[in-house]
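Notes follow the structure.
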Amino acid sequence: MLAQQRLDFEFRPMTAADVGNAHELSIALKWPHRLEDWAMLQRVAQGFVAVHNGRLIGSAFACHQGEFSTIGLVIVSDDYQGKGIGRRLMELAVGCVPPRTAILNATLAGAPLYEKMGFVSFGEVQQRQGQAQLPDTTALKAQESSRALSEADHARVLELANAGSGMDRSATLGDVLNNLEHAVGIERDGQLQAFALLRPFGRGLCIGPVVAQTVEQARHMIEQLLAKVPYAFVRIDIPTDCGLAEWLDEAGLKRVDSVTCMSMGAVPQARQGVRQFALITQAIG
1 MLAQQRLDFE FRPMTAADVG NAHELSIALK WPHRLEDWAM LQRVAQGFVA VHNGRLIGSA
61 FACHQGEFST IGLVIVSDDY QGKGIGRRLM ELAVGCVPPR TAILNATLAG APLYEKMGFV
121 SFGEVQQRQG QAQLPDTTAL KAQESSRALS EADHARVLEL ANAGSGMDRS ATLGDVLNNL
181 EHAVGIERDG QLQAFALLRP FGRGLCIGPV VAQTVEQARH MIEQLLAKVP YAFVRIDIPT
241 DCGLAEWLDE AGLKRVDSVT CMSMGAVPQA RQGVRQFALI TQAIG
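Start counting the sequence shown at 1; every next residue gets the next number (full-length UniProt numbering).
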């Protein structure tokens, strides 16, 4: 059982009983995460907390996904900044990663610490959100068709998610698939080639992950999902280089923030001719 002290701070594994107090940390930062969003990450990831006099004052997660682990929700209460708590939480999160490679999406505030710890930047993710304006429908190729997905598609969805992200999504996607609003995919020759998911998250709904072969496929599926939820507040987190940014501007999903993708070694590589056009979350990748 991990329980380490630095001065009078206790550092230990997070449990389900900590989720409510951890949620208060993100509320203080005005982050949009719901209690349910924290609970989801606690179910699929290895979490750590910092405690002082019985008060939970910091958090960090490592979400193990095959050869990689994504580090996320690294938070220290404003009252305890500058005391080395964030570094210690990061040390614990990174320490449980081997033999996997640690990757993360860094805020502007967190990036200097991560650089000192050996993380190197390799990309950027844009947070986009708003009340979407339904764009014109993007045409598919003649041999392609879109349809709603069902539980029977889950095995193929996982296969595509693994290929598009370069990580093992078994645990994370399994949880997401149990909490969907809508799911859509694109078929060609009877086989699913792309998919996009819509689920509750934060202040409204979130689109992601989106895995496809082409920008046109990704756009078509996002349009299908937006058409299901007119006037809803929708968020989507995209790699800056995925080719959707200008189109999302026109659709009313404006860029409100960006984070830097960082790694302590190799970076995930998409395969099988698909790529990830939208993340699950910034913490999970």
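Think of the CB as a built atom: it goes at the ideal place given N, C-alpha and C, for glycine as much as any other residue.
- Note that the C-beta distance between L73 and A60 is below 8 Å.
- Judged by DSSP secondary structure, V51 falls within the beta strand (DSSP E) whose first and last residues are 46 to 52.
- Taking 8 Å as the cut-off, the beta carbon of N162 is found closer than this to the beta carbon of R169.
- Take Q131, set aside five residues on each side of it, and the residues of its chain with a beta-carbon closer than 8 Å to its own are Y231, A232, F233, V234, G252, in chain order.
- Boundaries of the beta strand (DSSP E) harbouring R255: 254 to 263, taken from the DSSP string.
- Spatial neighbours of A270 in its own chain (CB-CB distance under 8 Å, excluding positions within 5 residues in sequence) are listed in chain order as A163, G164, S165, G166, Q276.
- Under DSSP, F201 forms a beta bridge with G204.
- Per DSSP, the beta-bridge partners of D237 are Q127.
- For G204, the closest alpha carbon among the candidates H220, T172, E124, W31 is that of W31.
- Rounded to the nearest whole angstrom, the CA to CA distance from G265 to E115 is 12 Å.
- In the DSSP secondary-structure assignment, Q191 is bridged to R188.
- Just so you know, the alpha carbons of E250 and A148 end up roughly 25 Å apart.
- A residue is called buried once 16 or more other Cβ atoms fall within 10 Å of its Cβ, and F119 is buried on that count.
- Closest option to Q213, judged by alpha-carbon separation, among A28, I186, R100, L198: I186.
- Here DSSP, grouped into helix, strand and coil, assigns E181 to coil.
- With respect to T101, G285 sits apart: the two C-beta atoms are not nearer than 8 Å.
- Across the structure, A22 and M14 are spaced so that their CA atoms are roughly 9 Å apart.
- Between S26 and I75, the C-beta spacing is below 8 Å.
- Per DSSP, reduced to three states, the secondary structure at A251 is coil, with no helix or strand assignment.
- Rounded to the nearest angstrom, the Cβ distance from D241 to L279 is 13 Å, too far for a contact under 8 Å.
- Counting only the Cα atoms, N53 lies some 52 Å from Q217.
- In the DSSP secondary-structure assignment, S145 is bridged to E187.
- With respect to the 8 Å criterion, G58 and G86 are classified as neighbours on the basis of their beta carbons.
- Taken atom to atom, the span from the alpha-carbon of Q81 to that of L192 is near 48 Å.
- Here V259 is not near A62, since their CB atoms are 8 Å or more apart.
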